[in-house]
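Working notes, beginning with the structure itself.
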Amino acid sequence: MPLNLFGGLRPVEPKRALRDLLAGVNLSSINIPQVLGYSRIAGTPVVAGLYTLLLPPVAFAIFGSSRHLVVAADSATAAIFSSSLSRLAVPASAQYMGLVCVVALLSAALLLVARIFKLGFLADFLSRTVLTGFLAGVGLQVCIAMLSDMFGVAANSRYSLVRVWQIMDGLPHLHYPTLALSTLVAASILLGNRFAPRLPLSLVAVVAAIAASAAFHFAERGIALVGPIAGGLPPIRLPKVTLSEILELLPVSVSCVVMIIAQSAATSRAFGVRYHESVDEDADILGLSAANAAAALSGAFVVNGSPTQTAMADHVGARTQIAQLALAGVVLLVLLALSGPLQYLPRCVLAAIVFNIALGMIDLKCLRDIRRESPGEFYLAITTAATVVAFGVEQGILLAMALSLFRHVRHSYRPHTMMLEPDPMGRWVPEPATPGKVTEPGLIVYHFGADLFYANQNRFTDEVRALVKQAPTPLRWLVIDAGATTDIDYSAAQSLRDLLEDLARQKIGTIFGRVNAYLRADMDRHGITAVVGSERIFQTLHEAVAAARTGLPSTD
């Protein structure tokens with residue numbers, strides 16, 4: 020298992036590194052308060068959220084490959100393990116934190132196994148279309164989640180649609196000072212991004228809000244604050260665990276790992292596509308394993324490649340893992356010296372910042388382009404986004420994979436087929452494979468645009484039989500252009516042999532052109548070569564058509 024260390028940093032360019040350092044400092048103003056919120060979802064002390072931004076990002080920067088993926092606390096994995104662990108121990112208790120660290124350690128071990136077996140290929144089943152829909156859905160989901168803090172109303176459901184209902188139900192109790200502060204921050208950042216995109220507006224908003232909150236006693240005016248945060252470095256130790264606890268916690272760890280692999284792969288692939296960069300998903304899995312091991316040793320909880328925080332990092336200009344290292348440095352400073360002032364941060368200010376970032380995850384231009392060029396794929400993207408919003412990120416990712424596979428299978432099941440006809444200049448021109456037409460008297464050149472397998476075998480044989488049956492003149496030759504076919508499975512081979520034998524009984528010869536080595540091996544293995552004859556199998560279409568025109572015997 021070769022290691023490619025610091026793949027998310029190299030090559031290091033001095034000017035780019037300086038910009039990433041500044042981006043990391045700016046990112047800290049958003050991520051630090053956000054992980055405090057995630058710690059509440061996880062049921063841990065709020066300082067455990069800060070710990071997820073200390074050692075785990077450093078571990079991922081060493082072993083991972085993605086230049087953009089931010090590895091830290093995430094709401095999806097926090098919700099997964101907290102719902103199970105809360106039944107075993109009191110949230111935020113010492114026993115509960117011990118179980119939390121065990122889940123992180125088990126997740127690290129399972130991710131290492133996933134790296135050994137190279138399960139990073141799962142990301143290949145996510146098309147660009149559904150990735151766009153996935154990120155749009157996550158963005159909309161986060162926007163909805165932020166509205167309750169921005170309005171100052173209670174909404175605690177993990178399901179977005181239920182949260183919308185709770186927010187609407189709470190509108191009569193709207194807290195106007197909270198809404199006014201949220202609107203001021205959101206509008207300032209929105210306008211600032213439009214007219215001064217290089218300024219660290221989020222950092223300015225956080226510092227100004229903390230200062231104003233302390234000076235004007237926002238808490239006494241009913242504006243909710245983040246609250247006290249314990250400082251100091253985390254203790255480094257292995258969590259104590261028994262065999263019975265491992266067996267009991269293994270299912271929830273597996274659930275977290277599935278979420279981590281799918282969500283991290285989707286996010287790193289999405290931003291890799293955006294910046295035309297290659298991503299080694301297997302290296303990222305190793306980085307995620309190291310990050311979760313670091314979380315377990317430092318008293319934190321399961322960490323994940325977060326689409327929200329990765330979008331935030333992208334928004335503030337981060338382009339390499341140097342930004343995440345800078346973020347870890349700022350967290351270290353906060354833990355040592357600045358945890359006191361952070362307690363005065365209004366939650367609505369954090370919500371307004373995150374709301375603006377989440378809006379940026381919805382790529383309307385790309386969605387419009389998809390709709391214009393491929394309406395069917397547009398509906399796949401919208402379905403993925405709607406699933407994320409209605410049911411959750413994990414369900415949205417699984418649906419994204421399923422839809423991507425479905426699209427591929429559908430294309431293979433109903434591939435493009437055509438007949439080739441010569442134009443007046445003698446060049447081959449593709450035409451629809453319409454029964455009643457021929458390439459030239461006595462000859463049909465037929466192209467099937469996919470591998471032959473059990474699901475599309477009948478489409479192939481039925482279309483060939485229809486072309487032969489309705490040919491306007493007696494047919495002597497059928498040339499099959501196999502340029503798009505590299506594989507024939509057992510079921511399709513049986514149907515193809517039956518077709519060839521049926522054509523031979525009708526005194527129609529069959530010739531294969533553009534047969535590559537892989538297809539030829541399948542034809543030999545399944546006995547197709549024996550039926551058609553090796554002298555009628557050619558590597559080029561030109562040779563196949565020439566053989567038909569020179570008049571090989573049409574039957575054996």
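When we follow my numbering, the leftmost residue of the sequence shown carries the number 20, and every step to the right adds one.
Glycine residues also receive a C-beta, built at the ideal position from the N, C-alpha and C atoms.
Item, Value
"At 4 residues or longer, and completely inside the region 314-379: list those alpha helix (DSSP H) runs for me, N to C.", "326-334, 341-352, 358-361 and 366-379"
"I'd like to check one pair, threonine 505 with leucine 471: are the Cβ atoms closer than 7 Å?", "no"
"For the structure I just gave you, are there three or more beta carbon pairs, one from the region 210-224 and one from the region 171-180, closer than 8 Å?", "no"
"Give me the residue from Thr197, Glu459 and Asp299 with the minimum Cα distance to alanine 287.", "Per the sequence presented here, residue 287 reads as serine, with alanine not at that position. The candidate whose alpha carbon is nearest that of serine 287 is Asp299."
"Measure the beta-carbon distance from leucine 316 to phenylalanine 82 and round it to whole angstroms, keeping in mind my assumption that it falls under 8 Å.", "About 15 Å; that fails the 8 Å criterion."
"For glycine 532, does the three-state DSSP call read helix, strand or coil?", "strand"
"If we count Cβ pairs, one from each stretch, closer than 8 Å, do we get three or more for the region 254-263 versus the region 378-391?", "no"
"In this structure, what does DSSP give as the bridge partners for tryptophan 447?", "Pro441"
"Going by DSSP in three states, phenylalanine 100 sits in which element: helix, strand or coil?", "helix"
"Just to confirm before moving on: does the CB-CB distance between asparagine 375 and alanine 164 stay below 7 Å?", "no"
"Can you tell me the Cα-Cα spacing of threonine 202 and proline 196, whole angstroms?", "10 Å"
"Which whole runs of the alpha helix (DSSP H) in the region 40-87 are 4 residues long or more, in chain order?", "65-70 and 74-82"
"Following the continuous alpha helix (DSSP H) through histidine 561, name the residue where it begins and the one where it ends.", "560-569"
"Can the beta-carbon of valine 89 be found closer than 7 Å to that of alanine 332?", "yes"
"Leucine 244 lies in the alpha helix (DSSP H); which residues open and close that run?", "Taken as a continuous stretch (DSSP letters only), leucine 244 belongs to no alpha helix (DSSP H), as it is neither H nor E."
"Where do the ends of the beta strand (DSSP E) carrying glycine 467 lie?", "Residue 467 is actually phenylalanine in this sequence, not glycine. Counting along the chain, the beta strand (DSSP E) containing phenylalanine 467 begins and ends at 462-467."
"State yes or no: is the C-beta of serine 510 within less than 7 Å of the C-beta of tyrosine 465?", "no"
"Just mark threonine 453 as buried or exposed, buried being the case when its beta carbon has 16 or more other beta carbons within 10 Å.", "exposed"
"Using DSSP's beta-bridge definition, name the partner residues of valine 498.", "Val464 and Ile530"
"Rounded to the nearest angstrom, how far is the Cβ of alanine 419 from that of phenylalanine 153, given a contact under 8 Å?", "5 Å"
"Excluding five sequence neighbours on each side, which residues of the same chain lie with their C-beta closer than 6 Å to the C-beta of proline 572?", "Interpretation of proline 572 is limited by its pLDDT of 49, a score under 50 that renders its predicted location unreliable; no figure is taken from the coordinates."
"Within 10 angstroms of the Cβ of glutamate 477, are there 16 or more other Cβ atoms? Answer buried if so, exposed if not.", "Here the sequence assigns asparagine to residue 477, which means glutamate is not the residue at that position. Label assigned to asparagine 477: exposed."
"Counting only the same chain and skipping the five closest in sequence on each side, list residues whose C-beta sits under 8 Å from that of arginine 533.", "Asp500, Ala501, Gly502, Phe557, Gln558, Thr559, Leu560 and Ala563"
"Measuring alpha carbon to alpha carbon, tell me which residue in Ile530, Thr261 and Glu267 is nearest alanine 565.", "Ile530"
"Would you identify the three-state DSSP class for alanine 91, choosing helix, strand or coil?", "strand"
"In chain order, what residues of the same chain have a beta carbon less than 8 Å from the beta carbon of glutamine 185, not counting five sequence neighbours either side?", "Ser167, Val172, Ala173, Ala174, Asn175 and Ser176"
"Rounded C-beta distance between leucine 364 and alanine 228? I'm assuming under 8 Å.", "6 Å"
"Which residue marks the beginning of the alpha helix (DSSP H) containing proline 491, and which one marks its end?", "Element bounds for proline 491: n/a, residue is neither H nor E."
"Taking alanine 97 as the reference, which of Phe136, Leu55 and Gln114 has the closest Cα?", "Leu55"
"Report all residues from its chain with a CB closer than 6 Å to the CB of aspartate 575; omit the five preceding and five following residues, and keep chain order.", "In this prediction, aspartate 575 has a pLDDT of 45, which is less than 50 and means its spatial position is unreliable; nothing more can be read from the coordinates."
"List, from N- to C-terminal side, the alpha helix (DSSP H) runs of 4 residues or more that fit wholly inside the region 184-262.", "195-214 and 220-235"
"Among Phe290, Ala370 and Leu361, which one has its Cα closest to the Cα of glycine 336?", "Phe290"
"May I have the straight-line CA-CA distance separating alanine 234 from threonine 63, to the nearest angstrom?", "30 Å"
"Go to phenylalanine 153, then tell me how far its alpha helix (DSSP H) extends in each direction, as first and last residue.", "147-170"
"State the beta-bridge partners of threonine 436 as determined by DSSP.", "Phe467"
"Return helix, strand or coil for glutamate 32, following the three-state DSSP convention.", "coil"
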